[in-house]
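In my numbering, the protein residues as written are 12 to 397.
Next comes the structure, spelled out in structure tokens:
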């Protein structure tokens, strides 16, 4: 016989053994239940009853109860994969079971977010401690002056990186990137940023050695960026008219939906990029724009390309985990952007003074940067508490 009779809770359950589960939608709870036992139940008169255990993040247990035997019409319906509602599981509306249990996806995302937050705290602490240890080691080997330059550049680059996260939040919201995939996008974005910034630093160091007047051009960039930040100009929250976004959308054929965490997928027999790849491209190009003011800012503190690159490197490496920690609370740091604007203005003025022979000590720069940024954060927290 092709059917096996099993008595379950007083109900006769017809089973059909099939190594292929192609007749069941991959998103269906029936698929999730049957993929473990490799058994396909009669379709579609099934009411999934969810009994989620304590460890629902790892595994969900389903108890499907079959109410009647499948017919040939049901077989045809199963083959077509049709559903009666766009918000349904194989013809059964979610509303019928939504009052009994929460969504499995919601539970997984909640637990994933909690675990990811804890991991991000450890990662940020690790990179900060590594940067401090590197700075101390640099000071022991090269002298206190080099260590001071490194810490000044690191603090400056870290603050600018936090400011850049405001734009990353807008990009993720615009492309509706699921939270589980945002770290993947940032990982590729950070890798590209390291390569690009290394090239820009080497080019900038060689240019500054040959043409001292370039300092005035870089100082002008910093003063303009300072004015934009200190004046409190709002970021454009509508990215549909953003030049970078429009350029990427024009040259990259993109699907209308995500395909898991894939960057490339096949649609209608044609290889196309998913919105995830488009997001990476936009973040990469945005980082190039960020580097236009961040690299000159560090060159305003030190001319040593090694110190400039290492301070950039340590600030960028912790950026992904830092985003996870503060992405939801960045809007509460109201005075952070103005304080960064003050710092950029100070560095721009310092570069102009250096060009005309009036040198400002690195220790003074480090103290000013640290004091200004700390004041901005503390004022923001005080206003929040009020």
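The beta carbon of each residue, even a glycine, is placed where N, CA and C say it ideally should be.
Just so you know, these numbers come straight off a predicted model, no measurement behind them.
query, result
"Three-state secondary structure assigned by DSSP to residue 276", "strand"
"Residues near residue 135 in its chain [Cβ-Cβ closer than 7 Å; skip 5 each side]", "329, 332, 333 and 336"
"Contiguous beta strand (DSSP E) assignments of at least 3 residues, all confined to the region 259 to 345", "275 to 278 and 281 to 284"
"Residue interval of the alpha helix (DSSP H) (run including residue 165)", "155 to 186"
"Reduced DSSP category for residue 374 - H, G, I as helix; E, B as strand; rest coil", "helix"
"Local conformation of residue 224 per DSSP, three classes", "coil"
"8 Å Cβ cutoff met for residue 236 and residue 304", "yes"
"Beta-carbon proximity of residue 326 to residue 165, cut-off 8 Å", "yes"
"For residue 344, the nearest candidate out of 394, 156 and 198 (CA to CA)", "394"
"As assigned by DSSP and simplified to three states, the class of residue 349", "helix"
"Nearest-angstrom Cβ-Cβ length linking residue 159 and residue 373, presumed shorter than 8 Å", "5 Å"
"For residue 148, the three-state DSSP class (helix, strand or coil)", "helix"
"Separation of residue 381 from residue 311, as counted between CA atoms", "16 Å"
"Cβ neighbour criterion (16 or more within 10 Å) applied to residue 138", "buried"
"Chain-order list of residues whose beta-carbon lies under 6 Å from that of residue 384 (same chain, five-residue window excluded)", "170 and 350"
"CB of residue 371 within 8 Å of CB of residue 377, strictly", "no"
"Pairwise C-alpha distance: residue 296 and residue 259", "9 Å"
"Segment contact flag, the region 206 to 220 with the region 264 to 282, C-beta cutoff 8 Å, min 3 pairs", "no"
"Local conformation of residue 36 per DSSP, three classes", "Low local confidence applies: a pLDDT of 47 at residue 36 is under 50, so the model's placement there is unreliable, and no value is given."
"Residue 367, DSSP secondary structure in three states", "coil"
"Beta-carbon gap between residue 294 and residue 146 smaller than 8 Å", "no"
"Residue 264 burial status per 10 Å Cβ neighbour count (16 or more: buried)", "exposed"
"Status (buried if at least 16 other CB within 10 Å, exposed otherwise) for residue 168", "buried"
"Euclidean distance between Cα positions of residue 163 and residue 386", "16 Å"
"Distance cut-off 7 Å: residue 128 Cβ against heavy atoms of the ligand GDP", "For the ligand GDP, the structure offers nothing, since it holds no ligand at all."
"Alpha-carbon to alpha-carbon, residue 315 and residue 240", "27 Å"
"Beta-carbon gap between residue 307 and residue 229 smaller than 8 Å", "yes"
"Alpha-carbon to alpha-carbon, residue 231 and residue 362", "10 Å"
"Length of the line joining the Cα atoms of residue 367 and residue 225", "13 Å"
"Buried or exposed by the 16-neighbour rule on C-beta atoms within 10 Å, applied to residue 266", "buried"
"Test item: CB-CB of residue 175 and residue 357 under 8 Å", "no"
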